[in-house]
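The block underneath contains the structure these notes are about, expressed in structure tokens.
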Amino acid sequence: MAATDLQQPTQNADQDLGQVLDQALDRDLDQPATRTRGPGGLGLSGKLLLLTVPLVMIAAVLLYVPAIANFWVNRLNDRVAAANTAALVLDAAPLGMVPDSLSREILKSINARAVAIKMGQQRRLLASDNLPATIEHDVDLRDMTVWQAITGSFQMMLETGNQPIRIVGPGVGNAQFVEIVTDELPLRQSMYRFSRNVVVVALIIGILTAGLVYLALHYLFVRPMRRLTASLVGFHENPESSARIIVPSQRSDEIGVAERELSDMQRDLMSMLNQKSRLAALGLAVSKINHDLRNLLASAQLLSDQLASVPDPRVQRFAPKLVRSLERAIAFCQSTLSYGRAQEAAPDRRMMLIEPVVLEVRETAGLANDVSIAWVAAIERGLSVDADPDQLFRVLLNLVRNAAQALESHASGDGGPQQIRITGKREGAVAILEVSDTGPGVPQKTREHLFEAFQTSGRPGGSGLGLAIAAELVRAHGGDIHLVEGTIGATFRIVIPDRPVELLSIRNERQRA
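In numbering that gives the first Met the number 0, the protein residues as written are 0 to 512.
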């Protein structure tokens, strides 16, 4: 590949990547978040107050209905009791001879027009004054039900005028019952006064209750909800500021749980945004150095083409590997644009032998001539993997480099072996590869985020991208990568299943063959 052929696609890739990153930065980092606030109106406290007052009034009305009925029945019983007293006085006179003036005074004292009793089979009119010709309403207290008391009390309150009513109640002594004829206007007026007093007391109690309920709910619920809302609005305006994270209280109820969960969510979101910012900055830096790196690789490829013509056997042996490494580096630079968009190219899978890839990984990692680290490759003879050769090479290279760096940084003085081991086997339609070392292993605190970008680098200058890239490439093959527990050092297992094939396509290929 000539240098002129490399420079043109480099410039296009740089321009495209620069535009993508500039747009992402302008959208996510430079522009502040805006919040559209709704129109002003009653807040939660005002709505709570407006809801509490009518509820208290409804409760007062429900209490008023039986109260006025009970008041009406008590007033009627008072009239009956007064009538029994008057009947005893009138009946005690010798031969029933009571002066008319005394009878009128007695009737006036009990607010009655007539008093009568029934003893045995005889009804006696003990006294009367201005007795009406007809009586429209009769009230019998001897067998009155609750519903009759309610309807009767409201019927009397809704009527007008001063009609006489006859009240029948239980008698005293030998009397079976006592009857009294009285005017309903004084009774109705007393019921009006009672209703007015009930309304005034209900209003006072309602206002006091509503105020107390409002204050209690305001301090227990409304203020914490306002605090949660203010924290949400403030965090939306600047989600990358740790000062906008809510400090949870010590409450143990649902609001305390909501505060703690909101605080944890805000911290996680802030961490994710900071990580996204680092990724955007990294992509922008890569786009700036991509052009110069491609030019350097183009020059190195020209030199490698010249080396290929040197007749030296050693040069002829290493020149193809150097050319292959440069081609792989150039292809990797060409994928910078897709990596800047946070996606890898789809794997170009085919059945391939794994042993040559493992040998190339060893030489690329510089372990072929390193006597301080032992290299062990225990791979089944003729093991084939259905994978993309370049992507599988990148996966193994990242794992081997991590293992080598772990062994170099450990450098224990106990004389223990420094070893990297790669094993491979097939189980049915699944290929299993393992990369292990005898280093210190993976710290426990980093295992939860082992395959996340910028989370697992434990050495100075490390980017924390190796395991994240390896996991992404393995999952693109439909496989899985994980850390094997309970081993010396660190052991990573890679599982890559073969692609499912259709029987019809196999038959067609065999027929063509």
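By construction, the Cβ of each residue, glycine as well, lies at the ideal position given by its N, Cα and C atoms.
TODO: Take the Cβ of H476 as the centre, count every other Cβ of all protein chains shown within 10 Å, and call the residue buried at 16 or more, exposed below.
DONE: Along the sequence shown, read from residue 1 onward, the residue named residue 476 stands at position 477. The residue in question, H476, is buried, as its Cβ has 16 or more Cβ neighbours within 10 Å.
TODO: Count the other CB atoms, across all protein chains shown, that sit within 10 Å of the CB of P319; report buried if there are 16 or more and exposed otherwise.
DONE: Stepping through the sequence shown from its first residue, residue 319 is reached at position 320. Counting Cβ neighbours within 10 Å, P319 comes out exposed, since fewer than 16 surround it.
TODO: Kindly indicate which residue of E158, A402, M224 has the alpha-carbon position closest to the one of G365.
DONE: The residue given as residue 365 occupies position 366 in the sequence shown. Taking only the C-alpha atoms, the option nearest G365 is A402.
Task: Q523, buried or exposed, once every other Cβ within 10 Å from all chains shown has been counted against 16 - done: Within the shown structure, residues of the chain are numbered from 0 to 512, placing residue 523 beyond reach of any answer.
Task: C-alpha gap between R498 and F220, whole angstroms - done: Reading the sequence shown from its first residue, position 499 is the one you call residue 498. Reading the sequence shown from its first residue, position 221 is the one you call residue 220. Answer to the nearest angstrom: the Cα atoms are 58 Å apart.
Open item on the list: Please report the distance separating the alpha-carbon of T228 from that of E258.
Closed with: By 1-based counting over the sequence shown, the position of residue 228 is 229. By 1-based counting over the sequence shown, the position of residue 258 is 259. Cα-Cα distance, rounded: 11 Å.
Task: Residue environment, I487, which counts as buried when at least 16 other CB atoms sit within 10 Å - done: Reading the sequence shown from its first residue, position 488 is the one you call residue 487. Classification for I487: exposed.
Open item on the list: Using only the alpha-carbon positions, how far apart do A373 and E354 sit?
Closed with: As a first step, residue 373 must be located in the sequence shown, where it is residue number 374. As a first step, residue 354 must be located in the sequence shown, where it is residue number 355. Each residue's alpha carbon lies about 17 Å from the other.
- [ ] Under 8 Å by Cβ, that's how I've got G427 and L382 pegged, so tell me the actual separation to the nearest angstrom.
- [x] Position 428 of the sequence shown holds residue 427. Position 383 of the sequence shown holds residue 382. About 13 Å separates the two Cβ atoms, so there is no contact after all.
Task: Contact the segment 65–85 vs the segment 173–192: 3+ CB pairs below 8 Å - done: yes
Open item on the list: If you follow the alpha helix (DSSP H) that Q404 is in, where does it begin and where does it stop?
Closed with: The count along the sequence shown starts at 1 and reaches residue 404 at position 405. Start and end: 388–409.
Task: Exposed unless 16 or more other CB atoms sit within 10 angstroms - verdict on T181 - done: As a working note, residue 181 is residue 182 in the sequence shown. Buried: at least 16 other Cβ atoms inside 10 Å.
Open item on the list: At 4 residues or longer, what runs of the alpha helix (DSSP H) sit wholly inside the segment 171–251?
Closed with: 183–216, 222–236
Open item on the list: Within 8 Å, do at least three Cβ pairs link the segment 116–125 to the segment 183–201?
Closed with: no
- [ ] State the CB to CB distance for the pair I378 and V360, rounded to an integer number of angstroms; the pair is presumed to be in contact (CB under 8 Å).
- [x] Numbered from its first residue, the sequence shown carries residue 378 at position 379. Numbered from its first residue, the sequence shown carries residue 360 at position 361. The pair is not a contact, with the Cβ atoms about 12 Å apart (cut-off 8 Å).
TODO: Tell me where the alpha helix (DSSP H) around D99 begins and ends.
DONE: The residue given as residue 99 occupies position 100 in the sequence shown. It spans 99–108 - the alpha helix (DSSP H) in which D99 sits, taken as one unbroken run.
Open item on the list: For the segment 100–112 against the segment 55–71, do three or more pairs of beta-carbon atoms, one drawn from each stretch, fall closer than 8 Å, so that the two count as touching?
Closed with: no
Open item on the list: Quick check: what's the CA-CA separation for I164 versus I204?
Closed with: As a first step, residue 164 is located in the sequence shown; it is residue number 165 there, counting from the start. As a first step, residue 204 is located in the sequence shown; it is residue number 205 there, counting from the start. Rounded to the nearest angstrom, the two C-alpha atoms are 36 Å apart.
Task: Euclidean distance between Cα positions of L395 and G465 - done: Residue 395 sits at position 396 when you count from the first residue of the sequence shown. Residue 465 sits at position 466 when you count from the first residue of the sequence shown. The alpha-carbon atoms of L395 and G465 are separated by roughly 10 Å.
Open item on the list: Tell me the DSSP secondary structure of I468 in three-state form.
Closed with: For this step, residue 468 is matched to residue 469 along the sequence shown. I468: helix per DSSP, three-state reduction.
Task: Cβ contact (3+ pairs, closer than 8 Å) linking the segment 205–216 and the segment 167–174 - done: no
- [ ] Compare the C-alpha of S251 against each of E260, H409, N110 and name the closest.
- [x] Locating residue 251 in the sequence shown gives position 252, where the first residue counts as 1. Of the candidates E260, H409, N110, the one whose C-alpha sits nearest the C-alpha of S251 is E260.
Open item on the list: Quick check on the burial criterion: 16 or more other C-beta atoms within 10 angstroms. Buried or exposed for G478?
Closed with: Taking the first residue of the sequence shown as position 1, residue 478 is located at position 479. By the neighbour-count rule (16 or more Cβ atoms within 10 Å), G478 is buried.
Open item on the list: On a Cα-Cα basis, can you pick out the residue from Q510, N161, Q417 that is closest to P185?
Closed with: Position 186 of the sequence shown, counted from the first residue, corresponds to residue 185. Ranking the options by Cα distance to P185, first place goes to N161.
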